[in-house]
Amino acid sequence: MTITEPTSTRAATSFDSLNPRTGEVVASHPIASEADVRAAVERARVAAAWWSGLSFAERKSLLTTWKSVITNRIDELAAVMQAETGKPHGDAMLECALAIDHLAWAAGHAGKVLKRRRVPSGLVMANQKATVEFQPLGVVGVIGPWNYPVFTPMGSIAYALAAGNAVVFKPSEYTPGVGAWLEKTAAEVFDQPVFQVVTGLGDTGAALCRSGVNKVAFTGSTATGKRVMAACAETLTPVLIEAGGKDALIVDADADVAAAVDGAVWGANANAGQTCAGVERVYV
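Residue numbers (our numbering): 166 to 449.
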């Protein structure tokens with residue numbers, strides 16, 4: 166998979182998303198400044214107060230509606246992903262379907278997973294009733310990768326929303342159109358901006374980390390993950406980081422060698438090899 170660097174305009178207020186297969190401009194997107202990011206977070210905080218006040222059933226209904234909108238227009242989303250990543254149509258459609266599954270599961274199970282529950286009160290307080298009740302954090306910042314620009318960030322977006330949080334999403338600078346498309350469809354469903362997107366380069370992501378969000382979920386390279394963690398540390402913002410690795414495949418003595426070879430080749434080359442869990446080492 167060829168990665169074509171996004172280009173900024175001379176005024177540095179926007180940048181171009183490029184098709185890696187042709188080098189052609191797919192679209193231009195704004196570079197969100199620190200002030201822009203903070204404004205988005207403040208809007209999200211107001212929206213979060215409304216969103217968290219809804220019941221699980223009410224949030225489920227709206228999230229299910231958003232899921233239906235995405236499902237009915239899945240070809241649109243897949244086309245944007247194809248243009249920005251160069252993925253084959255089938256791969257793009259599969260990723261969209263898996264992202265829809267994230268949204269469906271989160272909407273359908275949040276009430277059960279997060280409902281108030283009884284817990285043991287302990288011997289000393291045996292005459293007391295103890296319960297645990299989960300509260301939304303507020304605003305969650307999500308920073309997504311380019312290799313799976315819908316499925317991976319939706320693994321944070323869907324669950325944060327289902328739990329009653331608002332989300333501000335910063336997509337990769339290589340795939341900003343995917344984020345913009347998701348924001349557009351969300352705005353058709355939600356009365357308030359519980360899901361917003363800020364596009365830009367590295368400085369925009371750093372601004373999101375320092376914007377006062379209640380938590381950051383990041384997926385990307387180890388090098389960028391370190392910078393995200395350092396930026397979040399300045400304000401003691403909790404951060405969840407999923408970075409790269411050096412993934413191993415172990416082939417035992419009694420293994421089916423032909424099947425192991427097929428698995429190794431597929432695991433190393435799926436998604437053009439741009440996979441965080443792709444096979445990079447084989448031990449026999």
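Here a beta-carbon is modelled for each residue, glycine too, at the ideal position from N, C-alpha and C.
Exercise. Is the Cβ-Cβ distance between ALA345 and THR317 less than 8 Å?
Worked result: no
Problem set entry | Integer-rounded CB distance, given that LYS335 should sit under 8 Å from LEU373 | 5 Å
Exercise. Can you tell me the Cα-Cα spacing of VAL305 and VAL332, whole angstroms?
Worked result: 5 Å
For this session: Could you please give the first and the last residue of the uninterrupted alpha helix (DSSP H) stretch that includes TYR324?
Result: 316-327
For this session: Could you work out which residue in ALA424, ALA413, VAL426 is closest to GLY443 when comparing CA atoms only?
Result: ALA413
Problem set entry | Burial state of LYS391 (16 or more Cβ within 10 Å) | exposed
Problem set entry | Rounded distance between the beta-carbons of THR440 and ALA408, thought under 8 Å | So it is not a contact: roughly 13 Å between Cβ atoms.
For this session: Could you check if MET319 is buried or exposed, using at least 16 other CB atoms within 10 Å of its CB as the buried criterion?
Result: buried
Exercise. What number of angstroms, rounded off, separates the C-alpha of TYR324 from the C-alpha of GLU353?
Worked result: 20 Å
Problem set entry | Alpha carbon of TRP431 to alpha carbon of ASP256, nearest angstrom | 14 Å
Exercise. Do three or more CB pairs link the stretch 396-406 to the stretch 421-438 at distances below 8 Å?
Worked result: no
For this session: Indicate whether VAL422 and TYR448 have their beta-carbon atoms separated by less than 8 Å.
Result: no
Exercise. Name the DSSP beta bridge partners of SER193, please?
Worked result: ASP181
Problem set entry | Best match in ALA177, VAL211, SER182 for proximity to PHE360 [C-alpha to C-alpha] | VAL211
Exercise. What's the C-alpha gap between MET381 and ASP356?
Worked result: A quick correction: the sequence has Val, not Met, at residue 381. One C-alpha to the other measures close to 24 Å.
Problem set entry | 3 or more residues per run - each beta strand (DSSP E) lying fully within the stretch 271-300 | 282-284, 295-297
Problem set entry | Of the listed residues ALA177, ARG186, SER182, VAL206, nearest to GLY377 (C-alpha basis) | VAL206
For this session: Could you pull out every residue in the same chain whose Cβ sits closer than 7 Å to the Cβ of SER337, ignoring the five residues on either side in sequence?
Result: GLY309, PRO310, TRP311, PRO314
Exercise. Who does THR384 pair with in a DSSP beta bridge?
Worked result: GLU407
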